[in-house]
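Chemist: To start, I am sharing the structure in question, which I have written as C-alpha cells.
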Amino acid sequence: MAREDAVRCLRCLLYAINLLFWLMSICVLGVAAWLRDYLNTVLTLTAHTRLEEAAVLTYSPAVHPIIIAVCCFLVIVAMVGYCGTLKCNLLLLSWYFGSLLVIFCVELASGVWTYDEPSVQRSDMISLKSRMPNYGLQRYQWLTHTWNTFQTEFKCCGVIYFTDWLEMTEMEWPPDSCCSNQYPGCARHAHYRDLSDLHQEGCGPKIYSFIRGTKQLQVLRFLGVSIGVAQILAMTLTLTLLWALYYDRKPPEPTPPEPPPGTDPGPLTITHPPQGEAPKSGNTCPAEAWSNTATTSNGHGHTQFEMETLS
1 MAREDAVRCL
11 RCLLYAINLL
21 FWLMSICVLG
31 VAAWLRDYLN
41 TVLTLTAHTR
51 LEEAAVLTYS
61 PAVHPIIIAV
71 CCFLVIVAMV
81 GYCGTLKCNL
91 LLLSWYFGSL
101 LVIFCVELAS
111 GVWTYDEPSV
121 QRSDMISLKS
131 RMPNYGLQRY
141 QWLTHTWNTF
151 QTEFKCCGVI
161 YFTDWLEMTE
171 MEWPPDSCCS
181 NQYPGCARHA
191 HYRDLSDLHQ
201 EGCGPKIYSF
211 IRGTKQLQVL
221 RFLGVSIGVA
231 QILAMTLTLT
241 LLWALYYDRK
251 PPEPTPPEPP
261 PGTDPGPLTI
271 THPPQGEAPK
281 SGNTCPAEAW
291 SNTATTSNGH
301 GHTQFEMETL
311 S
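Residue numbering for the sequence shown follows full-length UniProt numbering, starting at 1 and increasing by one per position.
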C-alpha cells in the first residue's frame with residue numbers, strides 16, 4: 001500500500017511539473033519574440049559600431065533560434081512526459097528523461113553565455129551620429145523608418161539631445177517623431193514655439209540601457225533558471241518512478257501453504273483463474289493493477305491451491 005501511494009504521489013508531481021513546463025515555455029517564447037523586434041531596431045541603428053557587437057553578445061543567447069526551438073521542443077517533451085506518466089509507460093518515461101537531460105545541457109550553456117558582460121562605454125554612443133546624415137534619403141528609407149520607430153517607442157530624440165539632428169544633417173528642425181504629440185509639422189511648430197513639446201532625452205542613453213540589460217532580459221534569465229530547476233526535479237522524479245514501475249512489473253508469486261507436520265506432501269498443483277476473469281488495468285500502473293488483482297482474488301476465492309498425494 002505504501003508503494004502504491006508513493007507511485008501515485010510521483011505521478012501527481014510530474015503532472016504539475018509538466019504543466020509548469022508548458023506555461024514557462026510559452027512565457028519565454030512571448031518575451032523572446034518581443035525582445036527580438038527591439039533588438040532588430042537597435043542593430044539597425046548601431047550597425048558597424050561597438051554597440052552592435054555588445055547588443056549581439058547580450059541578446060543573441062536569449063533570442064537565438066536554437067533557444068526558441070528548445071522551448072518549442074520542451075512543450076512537446078512535456079506532452080510526452082504527461083502521456084508516459086498517465087500510461088505508466090517505461091519507454092515514454094525513459095525518452096522523457098533523456099530529452100530533459102539534453103535540453104538542460106543546452107539551456108545551461110546558453111545561460112552561461114547570457115551572463116557575459118558586454119564591453120561598452122557611454123562614449124561609444126557618439127558613434128551613432130555617423131549614420132544620421134543618411135536620414136531622409138531615398139535609398140535609406142529603411143534607416144529613416146527605424147529612427148522614427150525607435151524615437152516614438154522609446155520617447156527620445158537624437159543621440160544625446162535633439163540638436164544632434166541640426167548638427168549632423170541639413171535639417172532645420174528635428175523629425176516629427178521627436179514630438180510627444182505627433183502630427184504633421186509638429187517638430188517645426190515646437191522648434192519655433194515651444195521646445196518642451198519635443199522629447200528632451202536622447203536615444204543614446206536608451207540604447208545603452210537596452211544593451212546593458214532590460215527588465216525583459218532579467219525575466220528571461222529568471223525563467224531560464226526556474227525551468228532548469230524544474231527540469232532537475234522532473235528528472236529526479238522520473239528516475240524514481242521508473243525504478244518503482246520496473247520492480248512492480250512482475251506480479252508477486254503465490255506462496256503455497258505449509259503442510260501439517262508429520263505428513264508427506266505430494267506434488268503441488270496451482271490452479272489459476274481463467275485469463276478472461278483477470279481485472280483489466282487500462283491506464284492503471286502495474287503496482288495498482290497487481291494490487292487490485294490480489295484484492296479480487298482474496299475476496300472471491302478465485303485462486304485455489306490443491307494438494308494431491310500420489311499413491
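We put the beta carbon where it would ideally sit given N, CA and C, even for glycine.
Got a sec, what are the start and stop residues for the alpha helix (DSSP H) residue 75 sits in?
Modeler: Element bounds for residue 75: 65-87.
Chemist: Kindly list the residues whose CB is nearer than 6 Å to the CB of residue 71, restricted to its own chain and excluding five residues on each side of it in sequence; keep chain order.
Modeler: Only 25, 28, 29 meet the Cβ criterion.
Chemist: So, for residue 171: in the same chain, excluding its five sequence neighbours on each side, which residues have a beta-carbon less than 7 Å away from its beta-carbon?
Modeler: Closer than 7 Å at the Cβ level, and outside the excluded window around residue 171, lie 165.
Chemist: Excluding the five sequence neighbours on either side, which residues of its own chain have a C-beta within less than 7 Å of the C-beta of residue 107, listed in chain order?
Modeler: The answer, listed in chain order, is 70, 224, 227, 228.
Chemist: Is the region 94-109 in contact with the region 71-85, if contact means three or more CB pairs nearer than 8 Å?
Modeler: Yes, they touch.
Chemist: Could you check the C-alpha separation between residue 173 and residue 155 for me, to the nearest Å?
Modeler: Straight-line Cα distance between these residues: approximately 17 Å.
Chemist: By the DSSP assignment, the alpha helix (DSSP H) with residue 152 in it spans what residues?
Modeler: Residues 141-154.
Chemist: Within this structure, are the beta carbons of residue 230 and residue 6 separated by less than 8 Å?
Modeler: Cβ atoms of residue 230 and residue 6: not closer than 8 Å.
Chemist: Locate the alpha helix (DSSP H) running through residue 201, then write down its first and last residues.
Modeler: Note, residue 201: premise wrong, no alpha helix (DSSP H); not H, not E.
Chemist: For residue 282, which of helix, strand or coil comes out of DSSP?
Modeler: Note that residue 282 scores 44 on pLDDT, short of 50, meaning its location in the model is unreliable; the coordinates nonetheless yield the value given after this. Reduced to three states, the DSSP call for residue 282 is coil.
Chemist: Given that a residue counts as buried once 16 or more other Cβ atoms are within 10 Å of its Cβ, and exposed if not, what is residue 65?
Modeler: Exposed is the call here.
Chemist: Taking 8 Å as the threshold (C-beta atoms), are residue 63 and residue 16 in contact?
Modeler: It is not a contact, given that the beta carbons lie outside the stated cut-off.
Chemist: How many whole angstroms separate the CB atoms of residue 198 and residue 162, which I take to be in contact at a CB cut-off of 8 Å?
Modeler: Their Cβ separation, rounded to whole angstroms, is 5 Å, which keeps residue 198 and residue 162 in contact under 8 Å.
Chemist: In its own chain, which residues sit with a C-beta less than 7 Å from the C-beta of residue 150, not counting the 5 before and 5 after it?
Modeler: Once the five neighbours on either side are set aside, the close Cβ partners of residue 150 are 41, 45, 203.
Chemist: On the DSSP letters alone, give me the boundaries of the alpha helix (DSSP H) that residue 188 sits inside.
Modeler: Counting along the chain, the alpha helix (DSSP H) containing residue 188 begins and ends at 186-192.
Chemist: Consult DSSP for residue 157 and reduce its assignment to one of helix, strand or coil.
Modeler: Reduced to three states, the DSSP call for residue 157 is coil.
Chemist: When DSSP builds the beta bridges, which residues end up paired with residue 179?
Modeler: According to DSSP, residue 179 bridges with 198.
Chemist: As a quick exercise: from 140, 102, 81, 212, pick the residue whose alpha carbon is nearest that of residue 39.
Modeler: Of the candidates 140, 102, 81, 212, the one whose C-alpha sits nearest the C-alpha of residue 39 is 212.
Chemist: Looking at the secondary structure, which residues open and close the alpha helix (DSSP H) in which residue 163 lies?
Modeler: From DSSP, the alpha helix (DSSP H) with residue 163 extends over 163-168.
Chemist: Going by C-alpha to C-alpha distance, which of 11, 22, 34 sits closest to residue 215?
Modeler: Among 11, 22, 34, the Cα nearest to that of residue 215 belongs to 34.
Chemist: Can you tell me which of the three DSSP states residue 47 falls into?
Modeler: Looking at residue 47 - three-state DSSP - the assignment turns out to be coil, as it is neither helix nor strand.
Chemist: Excluding five sequence neighbours on each side, which residues of the same chain lie with their C-beta closer than 8 Å to the C-beta of residue 238?
Modeler: Same-chain partners within the cutoff: 14, 81, 93, 96, 97, 100.
Chemist: According to DSSP, simplified to helix, strand and coil, what is residue 312?
Modeler: This structure gives no information on residue 312, because the portion of the chain shown stretches from 1 to 311.
Chemist: How long is the line joining the alpha carbons of residue 102 and residue 51, rounded to whole angstroms?
Modeler: Each residue's Cα considered, the two are about 33 Å apart.
Chemist: According to DSSP, is residue 237 helix, strand or coil?
Modeler: Helix.
Chemist: Just to confirm, is the Cβ distance from residue 132 to residue 207 under 8 Å?
Modeler: Their beta carbons are not under 8 Å apart, which means residue 132 does not touch residue 207 by this criterion.
Chemist: What do you get for residue 179, buried or exposed, if any count of 16 or more other CB atoms within 10 angstroms of its CB means buried?
Modeler: Flag for residue 179 reads buried.
Chemist: Could you give the distance in angstroms between the alpha-carbon of residue 49 and the alpha-carbon of residue 200?
Modeler: One C-alpha to the other measures close to 25 Å.
Chemist: How many angstroms separate the CA atom of residue 148 from the CA atom of residue 157?
Modeler: Cα-Cα distance, rounded: 9 Å.
Chemist: Under three-state DSSP, which class holds residue 136?
Modeler: Residue 136 falls in the coil class under three-state DSSP.
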